[in-house]
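Undergrad: Let me give you the structure first, and then I'll get to my questions.
Numbering (the numbering used here), first residue to last: 74 to 224.
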């Protein structure tokens, strides 16, 4: 009977330790942020643990950056910041649970989706050229009853 009580006490202590470990892991996951900056330093993004963008900061060169290139760089850096947050979350899980097969599969999928190489910048969009159509000259003279001079 004493052995059963000791086994129950040991199991209860293990459960308390495991619960505390999961609580710390949950706090760590909640506090994770991912950060990324474009290669030229024009855009910096901070993403939260849920992937939501917490902040976007633009460097001084933003004033001279083509709007299409700025848009593309911003979207790319948002994706990189989110990927950074996901990797940091994986490390929190790894530190709490140790190496797991599931975590390794998630990280492999993360590398497959995001890759190690940043995406290529799209070519700048050429400026639109507006062409004005020359007014068409009437070939026939306006009838006299429509002309103001006839009044």
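Backbone N, C-alpha and C fix where the C-beta goes; we use that ideal spot for every residue, glycine too.
1) How many whole angstroms separate the CB atoms of residue 119 and residue 154, which I take to be in contact at a CB cut-off of 8 Å?
2) Report yes or no: do three or more beta-carbon pairs, one from the segment 128-141 and one from the segment 95-115, lie closer than 8 Å?
3) Exposed or buried, which one is residue 193 when buried takes at least 16 other CB atoms within 10 Å?
4) Using the Cβ count rule (16 or more neighbours within 10 Å means buried), how would you classify residue 94?
5) Please state whether the Cβ-Cβ distance between residue 161 and residue 126 is less than 8 Å.
6) Which word fits residue 145, buried or exposed, when buried means at least 16 other C-beta atoms lie within 10 angstroms of its C-beta?
7) Which class does residue 108 belong to by DSSP, given the choice of helix, strand or coil?
8) How many Å lie between residue 159 and residue 97 at the Cα?
9) Measure the alpha-carbon distance for residue 87 versus residue 77 and round it to whole angstroms.
TA: Short version:
1) 6 Å
2) yes
3) Model confidence at residue 193 stands at a pLDDT of 47, short of 50, so the residue's coordinates are unreliable; what they give is reported in the following sentence. Exposed.
4) exposed
5) no
6) buried
7) strand
8) 17 Å
9) 15 Å
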